[in-house]
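Below is one structure; the comments refer to it alone.
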Amino acid sequence: MSEVKLKVNDLKKYFPIKRGLLEVLTGKPPKYVRAVDGISFDVIDGEIFCLVGESGCGKTTTGRLIARLIEATSGNALYKISRNIKDLVPEGLLVNGEYLNLLSKLPGNIDKLLRLDIQIIFQDPYGSLNPRMTIGNILEEPLIIHSIGTTKEERQEIVYRALSEVKLNPPEEFVDRYPHMISGGQRQRVAIARAMILNPSLVVADEPVSMLDVSIRAEILQLMLDLKKLRNLSYIFITHDLAVANYICGRIAVMYLGKIVELGPSDKVINNPKHPYTIALVSAVPEPDPSNRLKIREVPIKGEIPSAAAVPSGCRLHPRCPYAMDICKTKEPPTVEVEPGHQVACWLHTKESPTAT
Amino acid sequence: MSVLSKVYDSWSWIRKEILSQVSGKVAFTLLIFLIAISLYAAFLMPPDYTKYWEVGSKWVDNPKNAPPEWASYLGYTCIPQTYYDIRALKPTVSEVSGRITLTYNITYNLEAKDFPQGMRLKVYTAVPQGVRNAKIRVDVIKPDGARLQAIIDSSIELANTSTISLTIDKFENIVSAVMSAYKDLMRVLSPEDISIFPMKYIFGNLSYSETLKRVETTPLPGKYVFLIDVSFRVFDVQPQDISRSIEKSKEFSLLITGTCYGLMGTDYKGRDLAEGLFYGFPIALTIGLLVALASTVIGVVAGLFSGYYGGFIDELIQRSVDVMGSIPLLPILILVAQSIAKTYVGEDKPIIMLTAIFTVLIVFSWGGLAIIIRSMTLSIKSELYVEAAKAVGASNLRIISKHILPQLVPYIAASLVYSTPNAILTEAGLSVLGVRHGFPTWGNILADARLNGTISQWWWVLPPGFLIALVSLTFVLLGLALEKVVEPRLRR
Amino acid sequence: MLARRAVFLALALLIAVFLTGLILGATGYIDTIISSIIDEEVRAYRQALSSSPQKPPPDELNRLVEQRKQELIAYWGMDKPWQARIIPMILNTLILNLGKTPSPEVANVAGLMPNSLISDIIAACLPRTIFMITLAEAIVILIALVVGPFVVYRIGSLIDRFIVAYAAIMNAFPIWWIALVMLLVFSYSFGVAPRQFRPVVTHINALLSGDITAFAGVLNYVWLPIITIIIVLSGPWIYSIRAMLIRIVKEDFVTAAMARGLPEKQILRRYIIRPAASPIVTNVLLGLAGTIGGYIITESVFDWPGMGTLYYAAVTSGDAQTILALTYVFTLVYVIARFILEVLYVVLDPRVRL
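Residue numbers (this note's numbering), protein chains in the order written: chain A, 200 to 556; chain B, 1242 to 1733; chain C, 471 to 824.
See the structure below:
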């Protein structure tokens, strides 16, 4: 249990759809966008845990829920707080002496405290930096908010160190520049530096390289790996790119329409996918081998993702799944372990699994 | 410290933008000029200026409705104010049976072909004990040889007091003086005309017009000699004592009121318009900036609240602005101002009225800015870097002040610039309409011109309007220059 | 939703009238007026009694006068709080039962006798305002609609910069002051315009009853005010049309049309003006609606017997009914204009759907 950094249980986030006056008056039930519809997973201390899926699957929402940027509709997420701030949390809030439910309503000072421990790197390197602030100001802001460093010089020092850490050298040259004066890759380094500057122990990375040039991606990913080793971090890494996931992830959870359909060690999930959706994702990865370019590959899935406001009944994939059976249309499949550490939620595998219900 | 440097940075950036254009350069120069004059005027302003201007006791001696001194270049005949301090003159002293008489001799040279507006003799002196009675008599010897005798002939008993305090600007004896001086015209002279226009007969050439069947007066330039006799019936007093007390007196003067005055002329009360216009600068700027500042601050706060927190307050603010936009401002303003004018009694009526006018103006003007600020706030609030700031723990206050507010600066500046002349113009407009608050603004001067002056007194009617327009123009040009800042799409 | 807009506009109308009533009552203005009316009547009554042949003894006289005073107080409702007096007035105004005017100054503006129906007075004064101000504003708008696009097509040129400078200067001068100056120059110095403008009433009345030749008479009086308004308002109007069109001129689709060599007129009409139609129509309609009650000071400077002068006369003489009625009319015109705009938006802007 002490190995688990974060235990998410049945997390749900529904966004209400605004209704017109007429609909309210006729008593129609409110509609929701079920962005995250009951997911559970663990993040082991020190691992890189990936959430993988296409647009609209709920992975970004999950990331924001963990980072406490939005409020959950239901569920809990027990988080092991770092020792250096654990003492500042009142006893009554702790579960098992070490864990805090991230999704509960926490008082303002605890919320602020958690920012020191859980940070987030955003996808858009330009959007996440205020274009009217200098790099120095952007990095200094978290320090000022948390009263780290009592003088400007002290903070300056910390900022320089943060910039060096993300290989933006010499730091003095960068502090007075504005975001539009540096490249996309450099901006994302600044975003990483900002996330690191408060010394968190859990970092949510929301597609941090998706908007960068392909040639830069490897550098940034390498930087993130180095930082993880250096600082002993845990990552929740969100991506839609299986190639990236393959490179960086320890364990992968594949999401579809708000649910986790497959979860396991990344090599197992990518090389031996069990869920039809995962299979489709894997086979859709562009083929690097030119000799295979003439081979027509079947992407074994049809159609487009339905809207999360109108979720299909039973197994969500059934309208698109080539293996759909009758039961898939009516009942949601249970999560089943097909190999140690490798879970799938699919009716196809319930018969095989020894723990089938 | 960093807040100040942030403000300074955006300020210097704005200033550079403004100065890069012609309109900006002109506006900036004008603005500096306005501020400089206003500060200077504010520094020199007499205390309780409202009363000072309203009562106008300082200007009793000025010519009324007089054009400026330089109007002579426009063809106006200008007679300057001529002031004789009689205390400095050496009188001829004579003593005859208990009566000491001091005779003063003043030569006045009338150069222009016009009649002076008036004449005034003022005495304020202490007299030694033993003086029983004082008589003052003034004779005028005109250039045409006629001698008007005793146009002033006053007698003062000094039984109980030992001070003489006398201001004579009316000439009760004028009719008989003129009649006896021009005996051959006695039958055709009109006593009524003489008493109504004494100056014409003192300083004019009298001739009988056959065609008009009456005496015509034309200006008579030349040397006029005023003989001022001051005699005292005394008991045991020496002539030297009398002379000395007159020399030491507070005032003993003869003033011949001219027909032009000062830099900008005078109004119907003789008030120096140059002064009124000068002191109007800081008043106008204060009015404008005060109202602009208040409505801008309210607009920004409302807009921020509305956009950032949303909900019920947002709805309320939006609906209020919507409703207020349909209510006609000017009629309500006139009604409020006039209602208070007619019902309020109190010393501070001008201030109360002005406050009421400003309040209505402010209440009706904050809405426009609020809507703009609201929409800006909404759009910035949803930016990713705001979310990122929240992720590092920024409070709402910090987000508003550090991330949203700096971007609103151009709109705030534009709002200030646009609203400042508005208040000045509205106040002036109300005054001209007839809603008088009594505060000595340019609008007040204009209103006086419309009410008490004729429209031909251009020096009274035109300058206040020009100045109002000047101030207005400064801000309009400033606004033009700022437009480029606020609306980047207009940049070429 | 049109219905929602209509509700809010109606609300604005109600608030405007109630606010006026509130101001009249709360400042005690109306009470002051009524008090003086009562005092005047009581004094007259006392006078009449004293000079009558059967003059009653002093105690009897005082008793009768006091009785009359109480009658008057009850009649005018002065024995109740001001709300009780104002509210019926407000409600009456709202249902267009406007009442009569007791004020001679007000009736004078219309050219009628005191105690005339307020609706008659408004009906008399309205055409005069329309003939002067609304007409002038319409001319200005037409000028702006012609010159605006012309100038926008030639942004940055000499004529464009001249127009901008002209607009800026005219924005600075208050219209009523220019009016004063125009009177000074044309009516008093050169004598080519009349000094009194009230006589225009006879000509307008004649014109309205069908006499076409009266037009010359009207023109004689109306030309100076109209020219004044044109001089002052053209600048800002052209500038505002220009500003609205500028946004569109910079769009790529206009440049593309120019590159294709389309004639200027066509570009202007279909590519520039059409998208800007919505804000332009808004300003035009609201501008015209605003002429009814928005030029009180200018009308007063010319002593033009229109709605503005009427309102001011009502305010200075404390004629509450007329004040309420006029506020109602001013707001009503504006509110109707805004509602028409809402309907038009659906037509003009394809992006707006009910």
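Cβ atoms here follow ideal geometry from the backbone N, Cα and C, with glycine treated the same way.
Chain B residues whose Cβ lies nearer than 7 Å to that of residue i
i, result
"Ser327/A", "Leu1625, Tyr1626 and Ala1629"
"Ala266/A", "Ala1632"
"Asp323/A", "Leu1625"
Cutoff 6 Å; reference residue i; Cβ partners in own chain excluding five residues on either side
i, result
"Arg1378/B", "Ala1391, Asp1394 and Asp1470"
"Met200/A", "Note that Met200/A scores a pLDDT of 46, beneath 50, so its modelled location is shaky; the value from the coordinates is reported in the next line. Here the set comprises nothing."
Residues near residue i by beta carbon distance below 8 Å, same chain, minus five either side
i, result
"Ser573/C", "Pro584, Ala783, Ala784, Ser787, Gly788, Asp789 and Thr792"
"Gly1463/B", "Asn1350, Leu1351, Lys1383, Pro1384 and Asp1385"
"Val487/C", "Ile560, Thr563, Leu564, Leu794, Thr797, Tyr798 and Thr801"
"Ser657/C", "Ala663, Pro664, Arg665 and Leu694"
"Cys1501/B", "Pro1304, Ala1307, Pro1308, Pro1309, Glu1310, Ala1312, Ser1313, Tyr1317, Cys1319, Ile1320 and Pro1321"
"Asp412/A", "Gly383 and Gly384"
"Ser1490/B", "Arg1328, Val1364, Tyr1365, Thr1366 and Ala1367"
"Arg1639/B", "Ala1630"
Closer than 7 Å at the beta carbon, the chain C residues around residue i
i, result
"Gly1670/B", "Pro644, Trp646 and Ile767"
"Gln1579/B", "Val785 and Thr786"
Beta-carbon separation (whole angstroms), residue i vs residue j, contact threshold 8 Å
i, j, result
"Leu1674/B", "Ile767/C", "5 Å"
"Val358/A", "Gly335/A", "6 Å"
"Ala1535/B", "Ile1603/B", "5 Å"
"Leu492/C", "Pro619/C", "Wrong, their Cβ atoms sit about 46 Å apart, outside the cutoff."
"Leu1362/B", "Tyr1345/B", "Between Tyr1345/B and Leu1362/B the Cβ distance is about 11 Å, and since that is not below 8 Å, they are no contact."
"Leu489/C", "Ile1573/B", "7 Å"
"Val579/C", "Pro775/C", "5 Å"
"Val242/A", "Ser433/A", "6 Å"
"Ser1660/B", "Ser1606/B", "6 Å"
"Phe1221/B", "Ser1672/B", "It is not possible to answer for residue 1221/B, since the shown part of chain B is limited to 1242 through 1733."
Status (buried if at least 16 other CB within 10 Å, exposed otherwise) for residue i
i, result
"Tyr741/C", "buried"
"Met1360/B", "buried"
"Lys1454/B", "exposed"
"Tyr545/C", "exposed"
"Pro1304/B", "buried"
"Phe1274/B", "exposed"
"Asn295/A", "exposed"
"Glu734/C", "exposed"
"Ile391/A", "buried"
"Ala482/C", "buried"
"Trp1254/B", "exposed"
"Trp1701/B", "buried"
"Asp310/A", "exposed"
"Phe1412/B", "buried"
Per-residue contacts from residue i into chain F (C-beta, under 9 Å)
i, result
"Ile485/C", "In the structure shown, chain F cannot be found, because the protein chains are A, B and C."
Contacts of residue i in chain B (Cβ-Cβ under 8 Å)
i, result
"Arg314/A", "Ala1632, Val1633 and Gly1634"
"Gln318/A", "Ala1632 and Val1633"
"Pro341/A", "Val1633 and Gly1634"
"Leu481/C", "Val1564"
Interface residues of chain B facing residue i [CB-CB closer than 9 Å]
i, result
"Lys311/A", "Gly1634 and Ser1636"
"Gly763/C", "Pro1569, Leu1571 and Pro1572"
Residues that residue i contacts on chain C, provided the C-beta gap is smaller than 8 Å
i, result
"Arg1560/B", "Phe478"
Proximal residues to residue i (C-beta, below 7 Å), its chain only, five neighbours per side dropped
i, result
"Ile600/C", "none"
"Arg233/A", "Tyr213, Gly457, Ala507 and Val510"
Interface residues of chain C facing residue i [CB-CB closer than 9 Å]
i, result
"Val1673/B", "Pro644, Trp646, Trp647, Leu650, Ile767, Ser770 and Val771"
If contact means a Cβ-Cβ distance below 8 Å, which residues of the region 767-781 of chain C contact chain B? Listed by position along the chain: Ile767, Ser770, Val771 and Tyr781.
Selection of the region 379-399 of chain A by Cβ proximity to chain B, strictly under 9 Å: From the region 379-399 of chain A, only Ala390, Arg393, Ala394, Ile396 and Leu397 have a Cβ closer than 9 Å to chain B.
Residues in the region 798-816 of chain C having any Cβ partner in chain B nearer than 7 Å: Listed by position, the residues of the region 798-816 of chain C near chain B (Cβ gap below 7 Å) are Phe800, Thr801, Tyr804, Val805 and Arg808.
Taking Cβ-Cβ distances below 9 Å as the criterion, which residues of the region 1639-1666 of chain B are in contact with chain A? So the list reads Arg1639, Lys1643, His1644, Pro1647 and Gln1648, given in the order they occur along the chain.
Output needed in chain order: residues of the region 356-380 of chain A with a Cβ under 8 Å from some Cβ in chain B. Here the close residues number zero.
Mind checking the region 436-452 of chain A against chain B and listing, in chain order, the residues whose C-beta falls within less than 9 Å of any C-beta there? The residues in question: there are none.
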